[in-house]
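Below is one structure; the comments refer to it alone.
Protein chains: 2
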Amino acid sequence: MKIEKVALIGLGLIASSIFWAVKRTGRDIAVVGTARSSQTRETARKIGLCDTVVDTAVDAVADADLVILCVPVGAMAAVAKDIGPFLKTGTIVSDVGSTKRSVLDAVGPHLPEGVHFIPGHPLAGTEHSGPESGFAELFDNRWCILTPNENDEAAIAALADFWRSLGANVDVMDPDHHDLVLAVTSHVPHLIAYTMVGVADDLHRVTDSEVINYSAAGFRDFTRIAASDPTMWRDVFMANKEASLEILGRFTEELFALQRAIRTGDGDHLHDYFTRTRAIRRSIIEAGQDTDAPNFGRGKT
Amino acid sequence: MKIEKVALIGLGLIASSIFWAVKRTGRDIAVVGTARSSQTRETARKIGLCDTVVDTAVDAVADADLVILCVPVGAMAAVAKDIGPFLKTGTIVSDVGSTKRSVLDAVGPHLPEGVHFIPGHPLAGTEHSGPESGFAELFDNRWCILTPNENDEAAIAALADFWRSLGANVDVMDPDHHDLVLAVTSHVPHLIAYTMVGVADDLHRVTDSEVINYSAAGFRDFTRIAASDPTMWRDVFMANKEASLEILGRFTEELFALQRAIRTGDGDHLHDYFTRTRAIRRSIIEAGQDTDAPNFGRGKT
Numbered sequence: 000m001k002i003e004k005v006a007l008i009g010l011g012l013i014a015s016s017i018f019w020a021v022k023r024t025g026r027d028i029a030v031v032g033t034a035r036s037s038q039t040r041e042t043a044r045k046i047g048l049c050d051t052v053v054d055t056a057v058d059a060v061a062d063a064d065l066v067i068l069c070v071p072v073g074a075m076a077a078v079a080k081d082i083g084p085f086l087k088t089g090t091i092v093s094d095v096g097s098t099k100r101s102v103l104d105a106v107g108p109h110l111p112e113g114v115h116f117i118p119g120h121p122l123a124g125t126e127h128s129g130p131e132s133g134f135a136e137l138f139d140n141r142w143c144i145l146t147p148n149e150n151d152e153a154a155i156a157a158l159a160d161f162w163r164s165l166g167a168n169v170d171v172m173d174p175d176h177h178d179l180v181l182a183v184t185s186h187v188p189h190l191i192a193y194t195m196v197g198v199a200d201d202l203h204r205v206t207d208s209e210v211i212n213y214s215a216a217g218f219r220d221f222t223r224i225a226a227s228d229p230t231m232w233r234d235v236f237m238a239n240k241e242a243s244l245e246i247l248g249r250f251t252e253e254l255f256a257l258q259r260a261i262r263t264g265d266g267d268h269l270h271d272y273f274t275r276t277r278a279i280r281r282s283i284i285e286a287g288q289d290t291d292a293p294n295f296g297r298g299k300t
Numbered sequence: 000m001k002i003e004k005v006a007l008i009g010l011g012l013i014a015s016s017i018f019w020a021v022k023r024t025g026r027d028i029a030v031v032g033t034a035r036s037s038q039t040r041e042t043a044r045k046i047g048l049c050d051t052v053v054d055t056a057v058d059a060v061a062d063a064d065l066v067i068l069c070v071p072v073g074a075m076a077a078v079a080k081d082i083g084p085f086l087k088t089g090t091i092v093s094d095v096g097s098t099k100r101s102v103l104d105a106v107g108p109h110l111p112e113g114v115h116f117i118p119g120h121p122l123a124g125t126e127h128s129g130p131e132s133g134f135a136e137l138f139d140n141r142w143c144i145l146t147p148n149e150n151d152e153a154a155i156a157a158l159a160d161f162w163r164s165l166g167a168n169v170d171v172m173d174p175d176h177h178d179l180v181l182a183v184t185s186h187v188p189h190l191i192a193y194t195m196v197g198v199a200d201d202l203h204r205v206t207d208s209e210v211i212n213y214s215a216a217g218f219r220d221f222t223r224i225a226a227s228d229p230t231m232w233r234d235v236f237m238a239n240k241e242a243s244l245e246i247l248g249r250f251t252e253e254l255f256a257l258q259r260a261i262r263t264g265d266g267d268h269l270h271d272y273f274t275r276t277r278a279i280r281r282s283i284i285e286a287g288q289d290t291d292a293p294n295f296g297r298g299k300t
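Residue numbers (numbering that gives the first Met the number 0), protein chains in the order written: chain A, 0 to 300; chain B, 0 to 300.
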């Protein structure tokens, strides 16, 4: 299966990075893009994002070998319903949503026979959003997880090859397991970061300027995560309710144990806990998933 | 009051950064350092950390104009008791501990009349620790908070000038207010990060390699914070119990409200919450306390 024409539906951070990364491959792939907002389409045209920008998703998918839904998870069903009747046989349909079970359930029923539906999730992003936030290197050495519902080998291989050409590593996983893994590595960390920033913002005994000036002591890392796109994150929690609530339950359980240790003055419990979490950082750096530079090497750019 | 001889007690990240930053000033200041561990002293001598490295805190403070306690908060009382009788009249004694009420209470009683005691807290650090982790730029444009108990103007001015010469901004604050502000901007964020990393580490249905490979989706930011020095953080929570528990209480209250919104499918509540936390990030960047580069500009060094 050859991928020579790609349609990007939605033109935010991930879609715009896909475009620039496709161009970097030097392969002869035509990318057509569209977005619901006319302002986004206009911006895309102005900055040369996509080889062609069209006005509707239906126009974008005509003749595409690969259609990638790059809209918030909550908007996928509607897009799938729109484009379903216009997909040619043999087209691969994928997405970049942060949850996978809900996408399978929302998109699958709208796709005709003969279309290869393989949900995907590139684990890459920044706190920035919109068509101007993309860059070709976003996926380099990051992982893209594919969660096919069927054993659709040729199409899976073609999509995996596409993502590898953008710089990503590819893994294939059961959609429910994906949702649990991401609840731990992404969804609950984001919720916690949003909560902590909300607490700081609300605490009238500490002024905003105190929070802002003294954020370098740890808090500023949370504010980066909590600056991510609100619509996307709302949809994530609506779509991955069960796994999020399960991980949140474990989180509060452990937090209460540490809170009790603080209250009772159990320093050994705290020290043990704080010691064992160091090893995981080392492993992440060794796996090439983060930098060892102090404070992420901030400010040295 | 002229500061021409500085004694650093303890030679970790902060003390070693103070030394390199003092050297960068070009001022004629002699820095003597010491550490409890002979291995640390040996490392310091090997890498040229401090103009002189001596074996005991008592030796270090002789004739010092400024003594800075750079040991974990839990160790300050013992150090103060040791050096108290050997401090010359007029010496400024300060520290770099993350909590301030406890340091005032632990150190103050051991200091003789005629010594100027001004607790301090430079809000700067990295996830690295030890004598080799310091660098001259650590305090540049960061804040150092002084929490004097008395209106000791000349000594406060001299200490503030010292910190400004290292690149820091200086603020003066009530010690209890400091502890509340830091509970929000630092202590509770650290506890939460440690907890989240602990949850991931413990979840047997998700493998360690999954957590590690897929950490780029948000989790890796938490692991950086949770890689900080365990002894320092144990002492922080032992020393700032009340403010930490207060902020933790507010945090769990808000988290439960968001958890309920997830359970009941209240997307509007989530969207509103996720929207208002974006502004604070913008303010932190405008205040020069963080970089606007995506993902902190990681990997571009």
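Every residue, glycine too, gets a C-beta built ideally from N, C-alpha and C.
Please confirm if the segment 264-282 of chain A is in contact with the segment 15-24 of chain B, defined as three or more CB-CB distances below 8 Å between the two stretches. They do not touch, by the three-pair rule.
What are the residues that DSSP puts in a beta bridge with Trp268/A? According to the sequence as given, residue 268/A is His; it is not Trp. Note: His268/A sits in no beta bridge, so no partner.
Got a sec? Which residues, its chain only, sit under 7 Å from Val102/B by beta carbon, not counting five neighbours each side? Short of 7 Å from the beta carbon of Val102/B, and not among the five residues preceding or following it, lie these beta carbons of its own chain, in chain order: Val72, Met75, Asp94, Gly96 and Pro118.
Can you list, in chain order, the residues of its chain whose CB lies under 8 Å from that of Ser128/A, leaving out five sequence neighbours each side? Counting only Cβ-Cβ distances below 8 Å, and skipping sequence neighbours, we find Gly11, Leu12, Ser227, Asp228 and Met231.
State yes or no: is the beta carbon of Ala34/A nearer than 9 Å to at least one beta carbon in chain B? no
Closer than 8 Å by beta-carbon distance: list the chain B residues that pair up with Arg262/A, in chain order. Lys240 and Leu244
Residue closest to Arg249/B, alpha-carbon to alpha-carbon, out of Ser214/A, Leu86/A, Asp200/A and Phe138/A: Asp200/A
So does Gly166/A have its beta carbon nearer than 8 Å to some heavy atom of the ligand FAD? Because no ligand of any kind appears in the structure shown, any question about the ligand FAD cannot be addressed here.
Could you tell me which whole beta strand (DSSP E) segments of length 3 or greater appear in the segment 76-150 of chain B? 91-94, 119-121 and 142-145
Runs of beta strand (DSSP E) wholly within the segment 166-196 of chain A (minimum 3 residues, chain order): Whole beta strand (DSSP E) segments, 3+ residues: 168-171.
Report the residues of the segment 98-130 of chain A with a CB closer than 9 Å to any CB of chain B, ordered along the chain. His120, Leu122, Ala123, Gly124, Thr125, Glu126 and His127
Three Cβ pairs or more, each shorter than 8 Å: is that satisfied between the segment 187-201 of chain A and the segment 274-291 of chain B? yes
Could you tell me whether the segment 177-191 of chain B touches the segment 55-65 of chain A, using the rule of 3 or more Cβ pairs below 8 Å? no
Only counting the same chain, and skipping five residues up and downstream in sequence, which positions put a Cβ closer than 6 Å to that of Ser15/A? Excluding sequence neighbours, Ser15/A sits near Leu48, Pro130 and Gly133.
What is the DSSP secondary structure of Gly32/A, counted as helix, strand or coil? Here Gly32/A sits in strand by DSSP.
Looking at Gln288/A: is its Cβ nearer than 9 Å to the Cβ of Asn212/B? yes
Proximal chain A residues relative to Met237/B, where beta-carbon distance stays under 7 Å: Gly264 and Gly266
Min CB distance His270/A to chain B below 9 Å: yes
CB contact flag (Ala79/B, His120/B, <9 Å): no
Taking His176/A as the reference, which of Ala242/A, Thr290/A, Arg259/A and Glu253/A has the closest Cα? Measuring from the Cα of His176/A, the nearest candidate turns out to be Ala242/A.
In chain A, which residues lie with their C-beta within 9 Å of the C-beta of Val210/B? Val180, Val183, Thr184, Ile279, Ser282 and Ile283
Give me, in chain order, the residues of the same chain whose beta-carbon lies closer than 7 Å to that of Glu253/B; leave out the 5 immediate sequence neighbours on both sides. none
Chain A contact residues for Asp301/B, given Cβ-Cβ distances below 9 Å: Here chain B comprises residues numbered 0 to 300, so residue 301/B is not present and cannot be evaluated.
Tell whether a beta-carbon distance below 9 Å holds between Val57/A and Ile82/A. yes
From Leu65/B, Val53/B and Ala29/B, pick the residue whose C-alpha is nearest to that of Ser36/B; which is it? Val53/B
Give me the Cβ distance between Val185/B and Ala216/A, rounded to the nearest whole Å; I'm assuming they're in contact under 8 Å. Checking the sequence, you will find Ser at residue 185/B rather than Val. With 8 Å as the limit, Ser185/B and Ala216/A qualify as a contact, their Cβ atoms being about 3 Å apart.
For Gly6/B and Leu145/A, I'd like the C-alpha separation in whole angstroms. In the sequence on display, residue 6/B carries Ala and not Gly. C-alpha separation (whole angstroms): 58 Å.
For chain A, check one thing: does any of its Cβ atoms lie closer than 9 Å to the Cβ of Thr300/B? Because Thr300/B carries a pLDDT of 39, less than 50, the predicted location of this residue cannot be relied on, and no value is offered for it.
Under 7 Å from the C-beta of Glu253/B: neighbouring residues of chain A: Contact of Glu253/B with chain A by beta-carbon distance below 7 Å involves Thr194, Gly197 and Val198.
I'd like the span of the beta strand (DSSP E) that includes Leu48/B, first residue to last. Taken as a continuous stretch (DSSP letters only), Leu48/B belongs to no beta strand (DSSP E), as it is neither H nor E.
Indicate the three-state DSSP secondary structure (helix, strand or coil) for Lys350/A in the structure shown. What the structure shows of chain A is the stretch from 0 to 300, and residue 350/A is not part of that stretch, so it cannot be assessed.
Run the CB neighbour count on Gly25/A, radius 10 Å, all protein chains shown included, and call it buried at 16 or more, exposed below. Flag for Gly25/A reads exposed.
Report the residues of the segment 73-98 of chain A with a CB closer than 7 Å to any CB of chain B, ordered along the chain. none
Own chain residues within Cβ distance below 7 Å of Ile2/B, not counting five before or after: Ile28, Asp64, Leu65, Ala157 and Phe161
Buried or exposed by the 16-neighbour rule on C-beta atoms within 10 Å, applied to Phe255/A: exposed
Given a cut-off of 9 Å on the beta-carbon distance, is the pair Arg223/A and Asn294/B in contact? yes
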